[in-house]
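Colleague: This is the structure I want to talk about, given as structure tokens.
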Amino acid sequence: MMKRILSIEFKNIFRSNAFRIGVLVVFLFGLYGIYYGNRVIEEQKENISRIEHLENESIEHILHIAGAENTAGTDIYYMIFHTYNPPTDWAAFSLGQRDILNYNIKTKILALEGQIYDNELTNPLSLLVGNLDLSFVFIYLFPLLIIALGFSLISEEKETGVWSMIKISGVPTLSFVFYKIFARWLIVVSLVIILMIVAALVFRAGFGVVFFAILGISIFYVSFWFAVVWLINSLNRNSTYNAILSVGIWIVLCLMFPALGNTIITVTTPVHEAMETTLIQREAYHEKWDKPKSVTMNKFYQEYPEYKKYKIPEEKYYVAGWYYAMQYVADKEAEPTSKQMEQKLMERQHKAETLGMFLPTVGVQRMYNTLVNTDLEAHMRYLASVRKHHKAVREFFYPYIFEETLTKNTPWEKRPKYQPSAESVDISWKSLFVGMLYSLLLVFIGIKLTKKI
Numbered sequence: 001m002m003k004r005i006l007s008i009e010f011k012n013i014f015r016s017n018a019f020r021i022g023v024l025v026v027f028l029f030g031l032y033g034i035y036y037g038n039r040v041i042e043e044q045k046e047n048i049s050r051i052e053h054l055e056n057e058s059i060e061h062i063l064h065i066a067g068a069e070n071t072a073g074t075d076i077y078y079m080i081f082h083t084y085n086p087p088t089d090w091a092a093f094s095l096g097q098r099d100i101l102n103y104n105i106k107t108k109i110l111a112l113e114g115q116i117y118d119n120e121l122t123n124p125l126s127l128l129v130g131n132l133d134l135s136f137v138f139i140y141l142f143p144l145l146i147i148a149l150g151f152s153l154i155s156e157e158k159e160t161g162v163w164s165m166i167k168i169s170g171v172p173t174l175s176f177v178f179y180k181i182f183a184r185w186l187i188v189v190s191l192v193i194i195l196m197i198v199a200a201l202v203f204r205a206g207f208g209v210v211f212f213a214i215l216g217i218s219i220f221y222v223s224f225w226f227a228v229v230w231l232i233n234s235l236n237r238n239s240t241y242n243a244i245l246s247v248g249i250w251i252v253l254c255l256m257f258p259a260l261g262n263t264i265i266t267v268t269t270p271v272h273e274a275m276e277t278t279l280i281q282r283e284a285y286h287e288k289w290d291k292p293k294s295v296t297m298n299k300f301y302q303e304y305p306e307y308k309k310y311k312i313p314e315e316k317y318y319v320a321g322w323y324y325a326m327q328y329v330a331d332k333e334a335e336p337t338s339k340q341m342e343q344k345l346m347e348r349q350h351k352a353e354t355l356g357m358f359l360p361t362v363g364v365q366r367m368y369n370t371l372v373n374t375d376l377e378a379h380m381r382y383l384a385s386v387r388k389h390h391k392a393v394r395e396f397f398y399p400y401i402f403e404e405t406l407t408k409n410t411p412w413e414k415r416p417k418y419q420p421s422a423e424s425v426d427i428s429w430k431s432l433f434v435g436m437l438y439s440l441l442l443v444f445i446g447i448k449l450t451k452k453i
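Using the working numbering, the first residue of the sequence shown is number 1, and each one after it goes up by one.
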């Protein structure tokens with residue numbers, strides 16, 4: 001009997017023009033999301049592939065025009081050392097913050113704090129609209145499809161008189177509703193799977209752990225919205241009421257509450273240290289021109305005592321060793337503020353994670369971004385690798401700077417090569433578990449109310 005109900009339900013669904021149009025529209029948006037995300041990431045990959053050549057070409061040009069008596073400390077001032085944050089295989093699925101955070105930080109061996117937060121100019125219109133990648137389609141458009149497919153499961157049957165016939169026939173109404181929802185759930189989940197397979201092929205990302213993790217989270221998210229639809233149907237109201245309530249819930253969960261939560265997090269955890277860090281670093285650097293060189297060098301020797309053997313004459317206006325030591329000391333003086341800023345950014349991240357436990361839309365978006373390494377934590381790991389590389393380059397060239405080695409005798413080709421930060425595959429199990437509890441609670445209430453109809 002139930003197989004027959006399921007078969008009839010599939011026929012009714014596929015016979016509907018509204019269903020075919022709705023599925024087609026969402027599917028096309030999904031394909032565009034795959035295309036858009038892939039286009040952005042491929043462009044970033046292409047830029048990253050040219051970085052090593054650009055760095056070598058730039059340094060070779062500086063060496064070519066350098067004077068015969070130039071020292072390493074003179075010419076290294078103009079040299080730029082590139083770092084980059086390579087996208088993961090699945091970054092195109094959910095671009096996260098890769099469109100607003102710099103993935104190619106260019107540094108000199110000057111004070112780092114004045115360079116590390118530089119960003120490329122971004123089109124403000126694209127920031128306002130956001131990224132229409134595949135994760136956007138799953139989070140915002142799939143719930144609308146689910147609402148369109150399921151807002152009138154019971155009310156339509158009652159309005160057409162079918163519900164009375166079902167009750168008279170002896171078919172359990174709970175089972176009848178379940179199979180109607182299950183048929184639609186199978187269709188939507190199949191659409192999710194198809195889009196994920198297409199994405200894996202287009203991104204050339206394979207079918208590994210991340211693929212199945214994203215797929216599992218997406219199916220959970222779809223199931224949550226079907227639980228919402230079931231609960232709305234179980235209220236036993238008319239189709240118009242169900243439609244308005246469903247769309248209202250979508251607006252609240254997908255738009256209003258996330259925006260409100262983001263505002264609260266921003267207000268309660270202000271980050272003023274970004275500008276403050278840069279100002280402290282710059283002031284610390286500029287003021288040292290008016291102080292005795294020994295003041296700067298004594299602070300530098302605390303970290304690098306091996307350079308005490310090199311004399312820094314006070315009477316000379318410019319000494320290369322003192323100049324680069326001054327850059328380092330300015331960075332150290334700005335370090336506490338920089339760490340405070342990082343702590344506040346991570347505090348915001350933790351608050352967003354807490355918010356995600358109450359709002360599935362926020363929680364799922366965070367899980368997506370964390371899985372594909374496009375979240376703030378991934379960028380913080382990148383910044384840590386930039387600091388590490390900057391230190392390695394500084395310490396490699398310090399001996400040649402303090403010894404005033406001629407530029408032509410400096411082994412530029414042996415300079416440290418940048419090593420990107422390692423990828424991290426992490427799932428917020430807490431948010432996922434809480435979201436599953438919400439879904440089960442909604443289903444439980446829906447079942448209880450459905451039995452009373």
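The C-beta atom is built at its ideal place from N, Cα and C for all residues, glycine as well.
I'd like to confirm the pairing. Which residues does DSSP put opposite T107 in its beta bridges?
Modeller: Mapped onto the sequence shown, residue 107 falls at position 107. DSSP, once it has assigned bridges, lists F81 as partnering T107.
Colleague: Can you name, in chain order, every residue of its own chain whose Cβ lies under 7 Å from the Cβ of T71, other than the five neighbours on each side?
Modeller: Taking the first residue of the sequence shown as 1, we reach residue 71 at position 71. Contacts found: A320, E404, T405, L406 and T407.
Colleague: For the stretch 171-184 against the stretch 227-244, are there 3 or more C-beta pairs whose distance is under 8 Å?
Modeller: Yes, they touch.
Colleague: Here's a check: name, in chain order, each residue in its chain whose Cβ is nearer than 6 Å to the Cβ of H390, leaving out the five neighbours to either side.
Modeller: Indexing the sequence shown from 1 puts residue 390 at position 390. Around H390: T107 and L112.
Colleague: If the criterion is Cβ atoms closer than 8 Å, does the pair Y307 and Y398 meet it?
Modeller: What you label residue 307 is simply residue 307 of the sequence shown in a count that begins at 1. What you label residue 398 is simply residue 398 of the sequence shown in a count that begins at 1. Yes; because the gap between Cβ atoms is below 8 Å, this pair is in contact.
Colleague: In chain order, what residues of the same chain lie with their CB nearer than 6 Å to the CB of L145, ignoring the 5 residues before and after it?
Modeller: Working through the sequence shown from its first residue, we reach residue 145 at position 145. Excluding positions up to five away in sequence, the list reads G22 and V26.
Colleague: Could you give the residue range of the alpha helix (DSSP H) that holds S218?
Modeller: Translated into the one-based positions of the sequence shown, residue 218 becomes position 218. Unbroken alpha helix (DSSP H) run through S218: V209 to S234.
Colleague: Which residues bound the alpha helix (DSSP H) around Y382?
Modeller: Working through the sequence shown from its first residue, we reach residue 382 at position 382. Taken as a continuous stretch (DSSP letters only), the alpha helix (DSSP H) holding Y382 covers L376 to F402.
Colleague: Can you list, in chain order, the residues of its chain whose CB lies under 8 Å from that of A183, leaving out five sequence neighbours each side?
Modeller: To locate residue 183, count along the sequence shown from 1; it is residue 183. Here the set comprises L6, E9, F10 and I13.
Colleague: How far does the alpha helix (DSSP H) with P305 in it extend, from its first residue to its last?
Modeller: Position 305 of the sequence shown, counting from 1, holds the residue named residue 305. No alpha helix (DSSP H) holds P305; DSSP gives it neither H nor E.
Colleague: Counting beta carbon pairs with one atom in the stretch 64-81 and one in the stretch 33-46, are three or more of them shorter than 8 Å?
Modeller: In short, these stretches do not touch, since the Cβ pair count stays below three.
Colleague: Quick check: the Cα distance between I219 and Y36, rounded to an integer number of angstroms?
Modeller: As a position in the sequence shown, residue 219 is number 219, starting the count at 1. As a position in the sequence shown, residue 36 is number 36, starting the count at 1. Near 22 Å, if we compare the C-alpha coordinates of Y36 and I219.
Colleague: Which residue marks the beginning of the alpha helix (DSSP H) containing K332, and which one marks its end?
Modeller: On the sequence shown, position 332 is the one that residue 332 refers to. Where K332 is concerned, the enclosing alpha helix (DSSP H) stretches over A320 to F358.
Colleague: From V393 to P416, what distance separates their C-alpha atoms?
Modeller: To locate residue 393, count along the sequence shown from 1; it is residue 393. To locate residue 416, count along the sequence shown from 1; it is residue 416. Distance between the alpha carbons of V393 and P416 is about 6 Å.
Colleague: By the DSSP assignment, the alpha helix (DSSP H) with P143 in it spans what residues?
Modeller: One-based indexing of the sequence shown puts residue 143 at position 143. Element bounds for P143: F142 to G150.
Colleague: With C-beta atoms as the reference, is E423 less than 8 Å away from N373?
Modeller: Within the sequence shown, the letter at position 423 stands for residue 423. Within the sequence shown, the letter at position 373 stands for residue 373. Yes; because the gap between Cβ atoms is below 8 Å, this pair is in contact.
Colleague: Looking at C-alpha atoms only, which residue of D331, E413, A378 and S246 is the closest neighbour of Q97?
Modeller: Within the sequence shown, residue 97 is the residue found at index 97, counting from 1. The candidate whose alpha carbon is nearest that of Q97 is A378.
Colleague: How far does the alpha helix (DSSP H) with I168 in it extend, from its first residue to its last?
Modeller: Counting from 1 along the sequence shown, the entry for residue 168 is found at position 168. Run containing I168: V162 to S169, per the alpha helix (DSSP H) assignment.
Colleague: Can you say whether S135 is buried or exposed, counting buried as having 16 or more other CB atoms within 10 angstroms of its CB?
Modeller: For the purposes of this step, residue 135 is taken as residue 135 along the sequence shown, with counting starting at 1. It is buried - the Cβ of S135 has at least 16 other Cβ atoms within 10 Å.
Colleague: For P124 and I445, what's the separation of their Cα atoms in angstroms?
Modeller: In the sequence shown, the residue the question calls residue 124 occupies position 124. In the sequence shown, the residue the question calls residue 445 occupies position 445. Its pLDDT being 47, under 50, P124 is placed unreliably in this model, and the coordinates cannot settle the point.
Colleague: DSSP beta-bridge partners for T71?
Modeller: Taking the first residue of the sequence shown as 1, we reach residue 71 at position 71. Its beta-bridge partners are L406.
Colleague: Among I51, E52 and T74, whose alpha-carbon lies nearest the alpha-carbon of I62?
Modeller: Counted from its first residue, the sequence shown places residue 62 at position 62. Minimum Cα distance to I62 is reached at T74.
Colleague: In three-state terms, what does DSSP make of Y418?
Modeller: Indexing the sequence shown from 1 puts residue 418 at position 418. Coil.
Colleague: The alpha helix (DSSP H) with Y310 in it runs from where to where?
Modeller: Within the sequence shown, residue 310 is the residue found at index 310, counting from 1. Counting along the chain, Y310 falls outside any alpha helix (DSSP H), and DSSP gives it neither H nor E.
Colleague: Buried or exposed: which applies to M461, given that a residue is buried once 16 or more other Cβ atoms fall within 10 Å of its Cβ?
Modeller: There is simply no residue 461 to check, as the chain begins at 1 and stops at 453 in what is shown.
Colleague: Any idea what DSSP makes of V23, helix, strand or coil?
Modeller: For the purposes of this step, residue 23 is taken as residue 23 along the sequence shown, with counting starting at 1. It is helical.
Colleague: Which residue comes first and which comes last in the alpha helix (DSSP H) that contains F460?
Modeller: Outside the displayed range of the chain (1 to 453) lies residue 460, so it cannot be described from this structure.
Colleague: When the distance is taken between beta carbons, is I80 closer than 8 Å to W412?
Modeller: The sequence position of residue 412 within the sequence shown is 412, counting from 1. The sequence position of residue 80 within the sequence shown is 80, counting from 1. Not a contact, by the Cβ cut-off of 8 Å.
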